[in-house]
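Here is the structure we will look at.
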Amino acid sequence: MPYFGFKGGIHPKYNKSATQSKNTENLPVEVGEVVHIPLAQHIGAPAKILVKKNQQVKTGELIGEAAGFISTTIHSSVTGKVVSVGTVEHPIGGRVPGVSIEVEELTEDYVPIDSGDSFQKTVLAAGLAGMGCATFPSHVKLSPPKDVDALLINGAECEPYLTCDHRMMVERTEDIVKGAVIIKEKLGLKILAIGIEKNKPDAIEAFRKFEKEYGFEVIELEVKYPQGGEKQLIKACLNRVVPEGKLPMEVGAIVHNVGTCACIYDAVELKKPLYERMVTVTGAVKEPKNLMVKIGTPISKLIEYCGGFVGEPKKIVMGGPMMGLAVTSLDTPVMKGTSGILVYSESDLPDLTQYNCMRCGRCIDACPMELIPSAMDRFVVKELYESLADWHVMNCIECGCCSYVCPSRRTLVGGFKTSKRQVARILKEREDNKND
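Sequential numbering of the sequence shown, starting at 37, is according to this note's numbering.
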């Protein structure tokens, strides 16, 4: 299968060397520590709490049920006692409904899931959501229309600093392949391929060993951000263009992250729910590492395990530098979509003073969605939401390429993010008026 590429994109400093060759370590759990598990860890409705204060729970036990089709289940990541049913910190800011559990017993055992009578119900019972940070409930993605024929496995990991997917591809190669084959067979798909950027030759080599046995293809991707974007991956691997406002299913494709495939293998073959994940801890910490972490663990513990900060931290990001979220509290817990904890010192951060747009056009060249960020920025400043709707701001994938290349340091993507709620309202009103 040839590589077709995609328009736009950038080549940032990747800064992966600190952790890309480090095997994943299990972050130890201690009796007496407390995990804080949010009920809102996925796109869609938060899960509905099923436990009460002082209730005893076991690792893998269901503590939150899906509150709708676009929702998923939540499980305890430890064995112990529920000490609080209320709210917990969340990386988007503020607090959300959640459960706090004190560890009382150390065990590797877990409560197996009730797999139900279908593949989709098994995935729902395991609480799977996209592990590449998008956190879209996986059972929804796995309920496509019948004309879908292709499954792409996303092994790009194009975000700078992050290496947890890289390590998973090296350490759990066959589990990922088996998970992908399960999806292919359950959905009756014809095409199965995994896309991996060329800067991960050890991962490429690991998967090539299984190509013939399992009947899939490894596609070596150009090292370019945002190569791992869903629409960009589909264009690069299948030469199919997802229409504006549509999902990959519209062009017969499904995309799943390598971590999601490993979790599908765990759910189907091991009856294991999702209660832990790999996380890269890097940047201004003394010992950058890749860790396997129980969901709900405060990020302070990860940083402490990595030797603490180097100097005074200026900014802490959950995720990668391009699309991650800055957190304001070290009590913020690891969630299903937490791929990394990135610590910036003051010297790591650029001067953020903004200047007027100089109309250089770099943002237009960089945009992988072929938008015109410079014009959209003017509409953001003037709060011209009707114009933003007309100029397709809802097509923005918030990759940050425009902000990265801007010589005037305009916070372009930030403005687009904050404007989308108003634009969505306008588009809904337009649709309602059409139907009147």
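Heads up, the beta-carbon is just placed ideally off N, CA and C, and yes, glycines get one too.
Item checked: CB-CB length for MET359 against GLU195, believed under 8 Å -> 7 Å
Checklist line | THR447 in three-state terms, based on DSSP | finding: If DSSP states are grouped into helix, strand and coil, THR447 belongs with coil.
Note to self: The beta strand (DSSP E) that contains GLU286, what's its start and end?
What the structure shows: Unbroken run through GLU286: none, as it is neither H nor E.
Check: Smallest Cα separation from LYS456: which of ASN469, ILE232, ARG446, TRP427?
Finding: Distances from the CA of LYS456 to each of ASN469, ILE232, ARG446, TRP427 were compared; the closest alpha carbon is that of TRP427.
Note to self: For ILE300, tell me which candidate among SER151, LEU269, PRO443 has the shortest Cα-Cα distance.
What the structure shows: SER151
Item checked: Contiguous beta strand (DSSP E) assignments of at least 3 residues, all confined to the region 194-276 -> DSSP assignment within the region 194-276 yields the following whole beta strand (DSSP E) runs of 3 residues or more, N-terminal first: 227-233, 253-257.
Checklist line | Simplified DSSP assignment, three categories, for GLN156 | finding: helix
Check: Taking the continuous beta strand (DSSP E) assigned at MET354, which residues delimit it?
Finding: 349-354
Item checked: Whole-number beta carbon distance between CYS435 and PRO21, since they are thought to touch under 8 Å -> For residue 21 there is no data in the structure shown, the boundaries of the chain being 37 and 472.
Notebook entry, point to check: What does DSSP give as the partner residues of TYR380 in its beta bridges?
Noted result: LYS351
Check: Thinking C-beta only, is LYS372 closer than 8 Å to MET167?
Finding: Annotated as proximal: MET167 and LYS372, with beta-carbon spacing under 8 Å.
Notebook entry, point to check: Got a sec, what are the start and stop residues for the beta strand (DSSP E) LEU188 sits in?
Noted result: 186-191
Note to self: Among PRO64, ARG446, SER107, whose alpha-carbon lies nearest the alpha-carbon of PRO82?
What the structure shows: Nearest C-alpha to PRO82 among PRO64, ARG446, SER107: SER107.
Margin query: Could you tell me the alpha carbon to alpha carbon distance between PRO309 and ILE99, rounded to whole angstroms?
Written below: 12 Å
Item checked: Distance between TYR440 and PRO48 (C-alpha atoms, nearest Å) -> 8 Å
Notebook entry, point to check: Are the beta-carbon atoms of THR316 and CYS200 separated by less than 8 Å?
Noted result: Contact flag set, yes.
Notebook entry, point to check: Does DSSP classify LEU338 as helix, strand or coil?
Noted result: Residue state, collapsed to three classes: helix.
Check: Nearest to ALA303 by alpha carbon, out of ALA272, ARG276, HIS111?
Finding: HIS111
Next item on the list: Take the Cβ of PHE452 as the centre, count every other Cβ of all protein chains shown within 10 Å, and call the residue buried at 16 or more, exposed below.
Entry: Label assigned to PHE452: buried.
Item checked: Candidates GLY129, PRO148, ASN275, GLY134, of which the one nearest LYS94 by Cα -> PRO148
Checklist line | Residue range of the beta strand (DSSP E) that includes VAL119 | finding: 115-125
Check: For the region 64-84 against the region 325-339, are there 3 or more C-beta pairs whose distance is under 8 Å?
Finding: yes
Check: From the DSSP output, which residues share a beta bridge with ALA362?
Finding: The partner list for ALA362 (beta bridge, DSSP) reads VAL353.
Checklist line | Coarse secondary structure for GLY100, derived from DSSP in three states | finding: strand
Next item on the list: Have a look at the DSSP bridge pairing and note the partners of GLN92.
Entry: LYS117
Notebook entry, point to check: For the region 337-351 against the region 365-384, are there 3 or more C-beta pairs whose distance is under 8 Å?
Noted result: yes
Notebook entry, point to check: If you check the beta carbons only, do VAL459 and VAL429 fall under 8 Å apart?
Noted result: yes
Margin query: Assuming PRO180 and HIS78 are in contact, meaning their beta carbons sit under 8 Å apart, how far apart are those beta carbons, in whole angstroms?
Written below: Contact flag wrong, Cβ pair sits at about 18 Å.
Next item on the list: Could you give the DSSP three-state label for THR296: helix, strand or coil?
Entry: helix
Item checked: Nearest-angstrom Cα separation, counted from GLU465 out to GLY420 -> Inspection of the sequence shows that residue 420 is occupied by Leu rather than by Gly. Between LEU420 and GLU465, the C-alpha separation is close to 16 Å.
Checklist line | Rounded separation between VAL213 and CYS393 - CA only | finding: 47 Å
Checklist line | LEU424, enclosing alpha helix (DSSP H) - first and last residue | finding: Segment 421-426, the alpha helix (DSSP H) holding LEU424.
Item checked: Buried versus exposed call for ASN62 [16 or more other C-beta atoms within 10 Å across all chains shown] -> exposed
Margin query: Any beta carbon from chain C within less than 8 Å of LYS351's own beta carbon?
Written below: Any reference to chain C falls outside this structure, which holds one protein chain only.
Item checked: CB of LEU274 within 8 Å of CB of GLY251, strictly -> no
Next item on the list: Determine the direct distance from the alpha carbon of ASP185 to that of ASN51, and round the result to whole angstroms.
Entry: In this structure, the alpha-carbon of ASN51 lies about 36 Å from that of ASP185.
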